[in-house]
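For the sequence shown, numbering that gives the first Met the number 0 gives the first residue as 0, with consecutive numbering after it.
No residue lacks a Cβ here, since even glycine has one placed at the ideal position from N, Cα and C.
Because the structure is a prediction, the values reported are computed rather than measured.
First comes the structure, then the notes that go with it.
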Amino acid sequence: MSTAPSYTKELENYGIPGPSALRDLLTSSNNLPETIKEFQAANSIQLPSLKPVMKLLDLHNIRRTEYHELVVHELTDKILLKLRALGEKRTPDSVRKLERQLEKCFKLYKVPKIRPIVLETLKQLPKVADRYLKLIICDKEFYDSCAVTVRQQIWVKNDGLFLEAINPVIASYITEKDKIFLSIEKLQTNFFTCDTTKSRRQWPQVQELISMVGEREVLYERLMEIIRERYFEAGNTHYCSLRLELLMAAHDVNVEHVVKVDPCHDFAWCLDACVRDKHLDSQQTNKLKILLDTGKKSSTKVLADMAMIASDPHVVHFLCSMSIKVLRDNASSGAYLPREQNALQLLIKLIALGASGKNIITEQIPQQLVDPIIFTKFLPSFTMSMIEDIFRYELNKAPGLTITGNEFEFV
């Protein structure tokens with residue numbers, strides 16, 4: 000004999016007859032047919048207009064179970080629509096109605112037919128009372144079924160559950176990045192060209208983390224803190240990419256509360272625009288210089304976050320490519336020394352900032368990001384090598400001239 004589902008006890012505890020009540024009635028009855036009729040009458044839908052319909056259904060051999068299942072399904076849909084309409088209003092009166100509804104139905108959340116109503120009521124409430132949140136935590140299955148907006152309210156007060164929720168998503172992101180980065184297949188694209196800046200922040204993992212954070216500043220700050228810690232522990236620059244992409248994804252979906260709370264937003268937004276356009280103009284140079292100077296005067300945490308953003312592989316690739324371009328253009332014209340070029344100075348400082356990220360996180364901030372010898376000796380020597388290459392290229396095109404090492408011979 001099959002046992003009754005566990006939730007039937009919940010129904011009986013609140014005065015709704017279940018298998019136990021029916022069994023007691025039948026075992027103590029002297030007239031079974033009459034007892035069954037009375038039970039059906041007491042627990043059926045009490046509408047006089049339904050009596051002719053029920054007889055018609057009986058003639059078609061449609062079981063009462065099927066009929067009641069359909070009625071429950073239709074009523075559930077109507078209730079859910081009503082709950083969503085109340086949630087959209089966001090007025091004090093609609094919130095009170097939702098709270099009263101939750102008080103009536105929450106105790107029966109274990110009943111499968113009633114659970115959708117409980118879940119929708121929880122979802123539409125802007126703030127769920129702590130007494131409900133504590134009960135939700137105790138039931139893992141019910142917790143997993145709740146909308147992310149409900150779980151956000153739990154995560155704000157329970158850091159362990161928040162970590163448990165985001166860890167698999169972050170791990171999946173890092174794994175996917177490693178796959179692309181370590182790929183040895185012969186393709187027309189590579190790690191730096193296979194995705195655009197916008198498509199990178201459309202990754203499912205990035206979007207999922209943004210939805211998990213929502214508009215809750217506490218969760219966003221905690222997520223950034225976790226990413227910072229993971230980067231310091233592992234030294235994997237994909238965490239820097241995640242840091243930048245999360246901020247820009249929040250910018251894309253207009254999560255203003257989150258964007259405003261992040262002091263690195265303008266810095267990230269400006270660098271992202273440069274990487275996207277593969278260009279650095281004078282206006283962007285001035286803005287990045289101001290932001291970098293401001294960041295140096297800010298807290299260690301802000302400077303560390305700026306360093307992480309500058310350490311994103313795509314940003315580093317852009318900064319290095321632009322530095323080479325500036326040096327090559329200057330080698331062709333010979334107009335300035337490397338130390339006289341503001342754009343080049345900024346690019347080198349940003350590269351150095353990204354390279355110092357882990358040290359800055361541990362508050363070991365270098366006195367100067369760039370050693371002056373880089374501008375006074377290394378870059379001039381590097382420029383000379385470029386000039387020699389340009390001479391060699393031009394002389395190679397000259398008729399009757401061969402080049403052996405650094406010597407030129409006419410033939």
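| query | result |
| --- | --- |
| L345 burial status per 10 Å Cβ neighbour count (16 or more: buried) | buried |
| Burial state of K176 (16 or more Cβ within 10 Å) | buried |
| Distance between beta carbons of L101 and L74, contact taken as under 8 angstroms | Actually they do not touch by this definition, with Cβ atoms about 18 angstroms apart. |
| Presumed contact (8 angstroms Cβ cut-off) between S182 and Q204, rounded CB distance | Their Cβ separation, rounded to whole angstroms, is 18 angstroms, which puts S182 and Q204 out of contact at 8 angstroms. |
| Burial state of G353 (16 or more Cβ within 10 Å) | buried |
| Bounding residues of the alpha helix (DSSP H) (the contiguous stretch that carries F161) | D158 to F180 |
| Contact set for I116: own chain, Cβ-Cβ below 6 angstroms, skip 5 residues either direction | I78 and C104 |
| C145 (DSSP reduced to helix, strand or coil) | coil |
| Continuous beta strand (DSSP E) assignments of at least 3 residues falling wholly in the segment 53-137 | none |
| Range covered by the alpha helix (DSSP H) that runs through G356 | G356 to I360 |
| Every unbroken alpha helix (DSSP H) within the segment 226-303, with a cutoff of 4 residues, ordered by chain | 237-251, 255-260, 264-276 and 281-296 |
| Collapsed DSSP secondary structure at Y13 in the structure displayed | coil |
| Buried or exposed (CB count within 10 angstroms, at least 16 for buried), G356 | buried |
| L80 beta carbon near the ligand ADP (any heavy atom closer than 7 angstroms) | Absent from the structure shown: the ligand ADP. Ligands present: none. |
| Closest residue to V52 among H67, N42 and A41 (Cα-Cα distance) | H67 |
| Three-state secondary structure assigned by DSSP to V217 | helix |
| Rounded straight-line distance, which links the Cα of R89 to that of Y13 | 31 angstroms |
| Outcome for T26 when other beta-carbon atoms lying within 10 angstroms are tallied against a minimum of 16 | exposed |
| Own chain, CB closer than 7 angstroms to C273, minus 5 neighbours either side, in chain order | L279, Q283 and F317 |
| Beta-carbon proximity check, V325 vs A342, cutoff 8 angstroms | yes |
| R242, buried or exposed, once every other Cβ within 10 Å from all chains shown has been counted against 16 | buried |
| Counted within 10 angstroms of its Cβ, other Cβ atoms place T196 as buried (16 or more) or exposed | buried |
| D311 vs C193 beta-carbon contact at 8 angstroms | no |
| Assigned secondary structure, S320 (DSSP; H/G/I helix, E/B strand, else coil) | helix |
| Which of helix, strand or coil DSSP assigns to K396 | coil |
| Distance CB(L208)-CB(L245) smaller than 8 angstroms | yes |
| Backbone secondary structure at F38 - three-state DSSP | helix |
| Classification of R227 by the beta-carbon crowding that lies within 10 angstroms, buried from 16 upward | buried |
| Distance, N157 Cα to I373 Cα | 49 angstroms |
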